[in-house]
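Colleague:
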Amino acid sequence: MDSMVSYVLLLLNILMLVSGQAFFKLGLEKIGGVTLATAWKALFSPTIIIGLFLYVVATLIWFVVLSRLPLSIAYPIQSLAYVLGIFLAVLMFHESVSPMKWIGAIIIVIGVLFIAVDK
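Position 58 (the sequence shown) corresponds to 57 in numbering that gives the first Met the number 0; numbering is contiguous.
1. Helix or strand or just coil, what does DSSP make of residue 28?
2. Taking only three categories from DSSP, how would you classify residue 43?
3. Please determine, among 117, 83, 92, 115, the residue with the shortest C-alpha to C-alpha distance to residue 103.
4. Tell me which residue opens and which closes the alpha helix (DSSP H) that residue 35 is part of.
5. May I have the straight-line CA-CA distance separating residue 77 from residue 25, to the nearest angstrom?
6. By the 10 Å Cβ neighbour count, where 16 or more other Cβ atoms means buried, how is residue 80 classified, buried or exposed?
7. Is residue 83 helix, strand or coil when you go by DSSP?
8. Residues in the same chain with beta-carbon distance under 7 angstroms from residue 114, minus the five sequence neighbours each way, listed in chain order, please.
9. So, at 6 angstroms on beta carbons, what are the nonlocal neighbours of residue 54 in its own chain, with the 5 sequence-adjacent residues on each side left out?
10. Under 7 angstroms Cβ to Cβ from residue 94, same chain only, skipping five residues before and after it: list those, please.
11. If you draw a straight line from the alpha carbon of residue 107 to that of residue 59, how long is it in whole angstroms?
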């Protein structure tokens, strides 16, 4: 049961990282990107602050995950955040993703499956 909780926390960590990136992207779109002139504006953007908060909480959860799971398992599984990020880019930001990127995402998932089922 404790192992299951660890994996649920890892999933929560991944979701919070991806959500944080979404808030960063939304905030940056609102202010028109970051330049020297807009850097302070970015730091005080409520949307970006939400993203930062999600990252802080995700990091605290990551500490718990690292105390419960081997790094050689937890860290590769966390790479699923990249795959979810691609889905987020398509669904939320209407970005186009090339077939090569989809193949890369599939390779990441296959790699995670190899790591997850290795005993």
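We treat Cβ as the ideally placed atom computed from N, Cα and C, and that holds for glycine.
Modeller: Well, looking at it:
1. If you number the sequence shown from 1, residue 28 lands on position 29. Helix at residue 28.
2. Here residue 43 is taken as the residue at index 44 of the sequence shown, counted from 1. Three-state result, residue 43: coil.
3. On the sequence shown, residue 103 is found 104 positions in, with the first residue counted as 1. Selected option, being the one with the closest Cα: 83.
4. To locate residue 35, count along the sequence shown from 1; it is residue 36. Residue 35 -> no alpha helix (DSSP H), and no H or E assigned at all.
5. Your numbering for residue 77 matches position 78 in the sequence shown. Your numbering for residue 25 matches position 26 in the sequence shown. Taking the straight line from one Cα to the other gives about 23 angstroms.
6. In the sequence shown, counting from the first residue as 1, residue 80 sits at position 81. So residue 80 counts as buried.
7. Working through the sequence shown from its first residue, we reach residue 83 at position 84. Helix at residue 83.
8. Here the question's residue 114 lines up with position 115 in the sequence shown. If we look at residue 114 and ignore the five residues flanking it on each side, its Cβ neighbours are 72, 75, 76.
9. Along the sequence shown, one-based indexing puts residue 54 at 55. So the list reads 19, once near-sequence residues are dropped.
10. Here residue 94 refers to the residue found at position 95 of the sequence shown. 88.
11. Sequence index remark: in the sequence shown, residue 107 carries index 108 (1-based). Sequence index remark: in the sequence shown, residue 59 carries index 60 (1-based). Between residue 107 and residue 59, the C-alpha separation is close to 25 angstroms.
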